[in-house]
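As structure tokens, the structure follows; a few thoughts come after it.
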Amino acid sequence: MFKIYSKGCEYVLRALTTLPADHFDVPFLAKDLCRKARVPEASTRKAFQKLAKEGILTAMTGPGGGYRLAVAPADISLLSIITAIEGEDVFKKCILGLRVCSDRKPCPVHASWKKLRGGMMQEMESKNLAQLMRAVK
Numbered sequence: 518m519f520k521i522y523s524k525g526c527e528y529v530l531r532a533l534t535t536l537p538a539d540h541f542d543v544p545f546l547a548k549d550l551c552r553k554a555r556v557p558e559a560s561t562r563k564a565f566q567k568l569a570k571e572g573i574l575t576a577m578t579g580p581g582g583g584y585r586l587a588v589a590p591a592d593i594s595l596l597s598i599i600t601a602i603e604g605e606d607v608f609k610k611c612i613l614g615l616r617v618c619s620d621r622k623p624c625p626v627h628a629s630w631k632k633l634r635g636g637m638m639q640e641m642e643s644k645n646l647a648q649l650m651r652a653v654k
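In structure tokens:
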């Protein structure tokens, strides 16, 4: 089965939807969100670190530690979360998994996938974390 993003990305999206939308700036512990979302802590924590590096989360140091959203959920697109975790090329990979696939040397479904991924990227950019949080509650 073709997957666009990793389990770690899926886990982060599920975990972030458990945050209270109206109190998004309150610090949280990764283990608490993981428990609430029923996702593995180790891979989710690694993905949280990537979100902190990209400025989507703020890592809190010291006693208690944890994270908090760096900006309001409405200002965090799903595309920004996905690309922070998976990298900028996440939607550019060949759908058949070929290492060499481009406009110059296309696979049999390259043109179709190129159209689909453009639309998918626009859709992910137009959706934000606040919308996802409301839809999941």
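Under my numbering, the first residue of the sequence shown carries the number 518, and numbering increases by one thereafter. C-beta atoms are modelled at their ideal positions from N, C-alpha and C, and glycine is treated no differently.
Selection 625, 595, 568 evaluated against residue 587 yields 568 as nearest (Cα-Cα).
DSSP places residue 652 inside the alpha helix (DSSP H), whose first and last residues are 646 to 653. Judged by pairs of C-beta atoms under 8 Å, the region 537 to 557 does not touch the region 622 to 636, as fewer than three such pairs exist. Judged by their CB atoms, residue 528 and residue 603 are not nearer to each other than the 8 Å cut-off. Between residue 647 and residue 591, the C-beta gap is smaller than 8 Å, which places the two residues in contact.
For the 8 Å CB-CB criterion, residue 562 and residue 574 do not form a contact. Each of 595, 551, 616, 547 was checked against the Cα of residue 582, and the nearest Cα belongs to 547. Residue pairing by DSSP places residue 586 opposite 574 in a beta bridge.
One thing to note: residue 645 has its Cβ within 8 Å of the Cβ of residue 593.
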